[in-house]
Structures are given as structure tokens and as C-alpha cells.
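Read in the numbering used here, the sequence shown has 165 at position 159, and its numbers run on one by one without any break. A virtual CB, placed ideally from N, CA and C, is assigned to each residue, including glycine. Note that the coordinates shown come from a computational prediction; the quantities given were computed from them, not determined experimentally. Heads up, the thing below is written out as C-alpha cells.
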Amino acid sequence: MAIIGYGLGGRGLILEEICRVLKRTGAIEFGTFKLPNGRITPYYIDLRVITSFPDAFAKVVDIFVDSIRSEIGVENFDRIAGIPTAGLPLSSVSAYLLKKPFIYIRQKQRLRGRERRVEGIIVPGDRVLLVDDLVTTGLTLKKSALAVRAEGGLVSDAIVLLDREEGGRERLEKIGVKLHSVLKISNVAQKLYEMDAIGEDEVKIMLSQVKSRV
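Right, here's the structure in full:
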């Protein structure tokens with residue numbers, strides 16, 4: 007299903023479509039969770055589960071690829087770099103559909119072979135678009151951008167499906183990387199509430215985390 011050319015009101019339709027996917031796949035949970043950066047959060051978004059629903063994943067990919075085309079432009083980057091592990095399905099499929107070479111960034115340097123963090127071929131001067139499923143504080147994307155730059159690549163843009171609005175955008179701006187997001191968590195929380203997918207308490211929980219944490 008190609009969700010392209012929404013025209014006026016397109017952002018609202020995209021928001022509703024993604025929220026339906028989140029609701030159907032059970033991608034949002036409430037409780038006490040530990041994020042990769044070690045911080046405790048009262049809610050967790052697991053976008054990995056969407057790949058277990060092929061039709062839902064296809065919708066998300068169509069929306070995401072269209073966002074890359076419209077927000078960044080395929081002529082403005084040479085390669086797509088995925089962020090393991092949650093970002094790999096979305097980034098690899100996007101690279102395939104956009105006919106762009108794909109690389110991915112290890113969070114730790116490989117201890118054998120080439121001993122590099124960047125897997126795949128990158129040529130000095132290549133313009134690399136970073137792709138992940140979501141961003142919280144932006145630390146992982148920052149490290150990935152620096153890893154690509156260490157290999158001679160150029161990084162000016164990163165795109166995610168969902169921005170949790172917890173300082174990631176500001177952190178990336180400090181190193182000259184512009185963050186693009188299909189959706190922001192504040193909009194998602196409100197739409198899920200309107201759809202009766204979550205209650206007022208859950209909305210407050212999600213919005214309580216929205217702040218700049220750099």
C-alpha cells in the first residue's frame with residue numbers, strides 16, 4: 007500500500023495511520039522500563055514488533071520512504087546507514103526501495119577482521135543519511151554520526167519514524183546534524199487518546215517525559 011501524495015491534511019492522515027498501527031501491534035507499553043541509555047521510563051515503544059505484521063510494516067515503510075523523499079530528497083545523500091538493531095528493518099528496506107547503498111553502524115567496534123564500527127563500503131566524501139526507528143536523547147545517533155565521520159563520510163541529516171522529544175533533536179543540532187521525524191510523541195499521545203487507545207492517565211505519563219534532555 008503506497009501512502010503517497012496526501013496533499014492538504016496529509017500529516018494528520020499519516021498520524022492516524024501510524025497510530026492505528028501502534029494500537030494494533032501493541033507497540034506501546036506502560037510500566038517501568040530501562041532504556042538503552044540506562045534511564046528509567048514509565049512507557050516503552052517497541053517498534054520491532056511491527057515487522058511481525060507484514061501489512062502494517064508495509065504501510066509504515068511507504069510512509070517513511072515518502073518522508074525521506076519529501077523532507078530530505080534522494081539527491082541529497084549517497085548512502086543510508088542503519089542503526090542496530092531496532093533501526094535495521096526500516097533502514098535496510100528504505101535503502102532497497104530508494105536504490106541507495108546500505109551500511110550499518112555497530113555500537114561497539116568489531117574486535118576481529120577490519121575492526122571497524124561501520125559495516126559496508128563507505129568512500130570518503132560520501133553523504134550518509136542516518137536512519138533509526140526512534141530517537142530519545144539522541145546519544146546513539148550522535149555516536150553513529152561521529153563513527154561515519156571518522157571513516158570520512160559526511161553526515162548532515164538523520165531521520166526517524168518517531169521522536170520521543172527528550173532532547174535528541176537538540177543534541178544532534180550541536181554536532182551539525184538535522185533531525186527529521188515522521189511523528190512526534192506529543193502528537194501520537196493525543197491522537198491515541200482521541201482514538202480511545204489510551205486513557206487520560208497514559209497521555210499524562212507520555213507527555214511528562216517530553217522535554218529537552220541533553
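Start and end residues, beta strand (DSSP E) containing residue i
i	result
residue 134	133-141
residue 167	160-169
Pick from the options that is closest to residue i, judged by C-alpha positions
i	options	result
residue 125	189, 88, 139	88
residue 71	149, 96, 82, 147	96
residue 202	16, 30, 20	30
residue 222	36, 184, 17	Coverage of the chain is limited to positions 7 through 220, which leaves residue 222 absent and any answer about it impossible.
residue 170	184, 191, 185, 183	191
residue 162	42, 182, 177, 81	182
residue 91	193, 143, 147, 155	147
residue 168	177, 156, 93	93
residue 68	48, 41, 176, 101	101
residue 77	22, 184, 199, 60	184
residue 106	79, 206, 27	79
Integer Cβ distance of residue i from residue j, believed to fall under 8 Å
i	j	result
residue 109	residue 85	6 Å
residue 189	residue 51	Contact flag wrong, Cβ pair sits at about 11 Å.
residue 128	residue 158	7 Å
residue 172	residue 216	7 Å
residue 55	residue 32	7 Å
residue 165	residue 135	7 Å
residue 43	residue 143	6 Å
residue 47	residue 41	6 Å
Coil, strand or helix - residue i by DSSP
i	result
residue 40	strand
residue 172	coil
residue 157	coil
residue 109	strand
residue 16	helix
residue 204	coil
residue 183	coil
residue 87	strand
residue 216	coil
residue 194	helix
residue 34	strand
residue 80	helix
residue 55	helix
residue 124	strand
residue 99	helix
residue 129	coil
residue 10	Below a pLDDT of 50, predicted positions are generally treated as unreliable, and residue 10, at 41, falls in that range; no measurement from the model is reported.
Neighbour-count burial assignment, residue i, 16 or more Cβ in a 10 Å radius
i	result
residue 138	buried
residue 75	exposed
residue 114	exposed
residue 20	buried
residue 187	buried
residue 210	exposed
Segment limits, alpha helix (DSSP H) that includes residue i
i	result
residue 51	Note, residue 51: premise wrong, no alpha helix (DSSP H); beta strand (DSSP E) at 46-51.
residue 70	60-73
Residue i CB to nearest heavy atom of the ligand FMN below 6 Å
i	result
residue 110	Here there are no bound small molecules, and the ligand FMN is not part of this structure.
Cutoff 7 Å: residue i Cβ touching any chain D Cβ
i	result
residue 135	This model lacks chain D altogether, as it is built from one protein chain only.
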